[in-house]
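Asks:
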Amino acid sequence: MFAWYPLIKDIVPTPKTMMIEQSKDFDSFEAALGEGNSLDPEMQRLVNEADKAAQQLGGYPVFMRSDYTSHKHDWVDSCYVTSKESLQCGIANILEFTLMTEILGFRGVVIREFLDLPHEFHAFNGMPVSQEFRYFVKNGEVLCRHPYWMPAAMQRVDCELEEAIPKLKKIQVLPELTKQLLDSYAVAISKAVTCLNAPDNCWSVDFCFARGRGWMVTDMAVGEDSEHYATCPNADPKFLKMRGDPDDISKATSLPLLHRQAEEMKKRLESGDKTPFDDFLNSLG
Numbered sequence: 022m023f024a025w026y027p028l029i030k031d032i033v034p035t036p037k038t039m040m041i042e043q044s045k046d047f048d049s050f051e052a053a054l055g056e057g058n059s060l061d062p063e064m065q066r067l068v069n070e071a072d073k074a075a076q077q078l079g080g081y082p083v084f085m086r087s088d089y090t091s092h093k094h095d096w097v098d099s100c101y102v103t104s105k106e107s108l109q110c111g112i113a114n115i116l117e118f119t120l121m122t123e124i125l126g127f128r129g130v131v132i133r134e135f136l137d138l139p140h141e142f143h144a145f146n147g148m149p150v151s152q153e154f155r156y157f158v159k160n161g162e163v164l165c166r167h168p169y170w171m172p173a174a175m176q177r178v179d180c181e182l183e184e185a186i187p188k189l190k191k192i193q194v195l196p197e198l199t200k201q202l203l204d205s206y207a208v209a210i211s212k213a214v215t216c217l218n219a220p221d222n223c224w225s226v227d228f229c230f231a232r233g234r235g236w237m238v239t240d241m242a243v244g245e246d247s248e249h250y251a252t253c254p255n256a257d258p259k260f261l262k263m264r265g266d267p268d269d270i271s272k273a274t275s276l277p278l279l280h281r282q283a284e285e286m287k288k289r290l291e292s293g294d295k296t297p298f299d300d301f302l303n304s305l306g
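Position 6 of the sequence shown, counted from 1, bears residue number 27 in my numbering, the numbering being contiguous throughout.
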């Protein structure tokens, strides 16, 4: 983000953003946390500078990320920051996720204004599921467009899946005029970042709709490092085998469903009935 954001911020709508680069790398999660109750001096500086940035943007809440990721699937414990205390926890969360997944690196902290995204339900760890789209653009031409959130990916939805999925399907549709607007943004971005020399100048560009602000660019990545819908003609065929049909909700979960499953398991344990875990143990011989 430190490379592409300065190139696009004045040509397309983006959230107000402040970036704090780190002055040294952290070799491990433990190294960043320091010893005892004291943070590593560089981590403490990042926390302090990020807090100043939050105040300059109008105060909390703010949205936080690193150069490469926000780990937004862990929402309330990662990118959604409501205080300086949660800021420190969020930085640690994103750093740990980066180190565990071997994402390209952790170059610093990005603080962004918190956008009011219209939504009708939450998923994962309290994250609002809103209207977002991912575009792929190559040398000034739009290759394809995908809804960002797919039904198959929904986990821990805070209402019944039978309620959530129709709502999700509704926001997966782009009116023609909106499509033309986002196409123009994507093409302008493609031309602006040519100097970064991405392979084939191919990029993914993420958009979201914010209340009172309209459509905004929230993220970008090199195209070959970004996932298409598994059923997209431009997707690597292996993704359909790995990910499955993006509209298949057989593995999606909701909090009400998980609660019912937990209650059923509790009843079976109390009654002495076999559980799936017992069946698994028996299968081992």
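Just so you know, even glycine gets a beta-carbon here, dropped at the ideal spot from N, CA and C.
What you are looking at is a predicted structure, and each value in this text was computed from that prediction instead of being measured.
#1: Let me make sure I understand the geometry here. Which of K200, P172 and R264 has the alpha-carbon closest to that of K190?
#2: Scan the region 44-115 and note each continuous alpha helix (DSSP H) run of 4 residues or more that stays entirely inside, going in chain order.
#3: Please report the straight-line C-alpha distance between F230 and R133, rounded to a whole angstrom.
#4: Could you tell me the alpha carbon to alpha carbon distance between E106 and W170, rounded to whole angstroms?
#5: Assuming L136 contacts P36 (C-beta within less than 8 Å), just tell me the rounded distance between them.
#6: Count the C-beta pairs between the region 179-187 and the region 205-225 that are closer than 8 Å, then say yes if the count reaches three, no if not.
#7: So within the region 255-301, which uninterrupted alpha helix (DSSP H) runs reach at least 4 residues, ignoring any that extend past its ends?
#8: Tell me which residues share the same chain as M241 and place their Cβ nearer than 6 Å to its Cβ, disregarding the 5 neighbours each side in the sequence.
#9: Here's a check: name, in chain order, each residue in its chain whose Cβ is nearer than 8 Å to the Cβ of K30, leaving out the five neighbours to either side.
#10: Could you check whether V130 and S87 sit closer than 9 Å to each other, using their CB atoms as the reference points?
#11: How about A185 and F142: do their beta carbons lie closer than 9 Å?
#12: Per DSSP, what kind of secondary structure is P34 in: helix, strand or coil?
#13: Can you list, in chain order, the stretches of the alpha helix (DSSP H) that have 4 or more residues and sit fully within the region 175-234?
#14: Quick check: the Cα distance between N255 and L203, rounded to an integer number of angstroms?
Replies: Short version:
#1: P172
#2: 50-54 and 62-77
#3: 15 Å
#4: When only Cα atoms are considered, E106 and W170 end up about 30 Å apart.
#5: 6 Å
#6: no
#7: Assignment of alpha helix (DSSP H) within the region 255-301, counting only whole runs of 4 or more residues, yields 258-264 and 276-292 in chain order.
#8: W25, W224 and V226
#9: T38
#10: yes
#11: Yes, the pair counts as a contact, with Cβ atoms nearer than the cut-off.
#12: coil
#13: 182-191 and 197-213
#14: 19 Å
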